[in-house]
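Reviewing the structure listed below.
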Amino acid sequence: MRLPEDFEPDWGFAAGLGFGRAEAGVEFDKFRDYWRAKSGRDATKLDWAAAWRNWMRNAGGRGLRGGGQARRGHHPQAPPHETAFARHQRECRQTIENQLNGNENNDLFRDDDFAGGGPAFDLGPGDYRAH
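When we follow our numbering, the leftmost residue of the sequence shown carries the number 7, and every step to the right adds one.
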């Protein structure tokens, strides 16, 4: 069966993953648009509630960290197919841009236990001498 017009997602499930109501609403808009635009047999599901739960689990992993702890810092929304490495790169670019623009209050790594309270990123191979 196709996604019903009156389908209402489990907002409590999204909240349990650490998504705020606005974030979950954005994900629901993407979910609904994706499945309404999809054609063929892949566009039909037996259990749309389960499809919604999987969508939210795969929404970039922003809701929960590996240990099941809710996130402390805010991470912008990302497409569900974004890998952890791609998210890390995006966050690093945003942090660098914020610092270059003098907007250090938006430091994505400010509350990140792993990053140690400051921006952190890996550099690729290359020449890092001062020019």
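The C-beta atom is built at its ideal place from N, Cα and C for all residues, glycine as well. A quick note: this is a predicted structure, and the numbers were derived from the prediction, not measured.
Contact check, residue i vs residue j, beta carbons under 7 Å
| i | j | result |
| --- | --- | --- |
| W5 | P10 | It is not possible to answer for residue 5, since the shown part of the chain is limited to 7 through 137. |
| A20 | A28 | no |
Buried/exposed call for residue i, threshold 16 Cβ in 10 Å
| i | result |
| --- | --- |
| T89 | exposed |
| G69 | Its pLDDT being 44, under 50, G69 is placed unreliably in this model, and the coordinates cannot settle the point. |
| A76 | Note that A76 scores 45 on pLDDT, short of 50, meaning its location in the model is unreliable; the coordinates nonetheless yield the value given after this. Classification for A76: exposed. |
| L106 | exposed |
| F25 | buried |
Integer Cβ distance of residue i from residue j, believed to fall under 8 Å
| i | j | result |
| --- | --- | --- |
| T50 | R8 | 6 Å |
| W54 | E33 | No, W54 and E33 are not in contact; Cβ-Cβ is about 14 Å, not under 8 Å. |
Proximity to residue i [Cα-Cα], best of the options
| i | options | result |
| --- | --- | --- |
| F13 | A56, K44, I102 | A56 |
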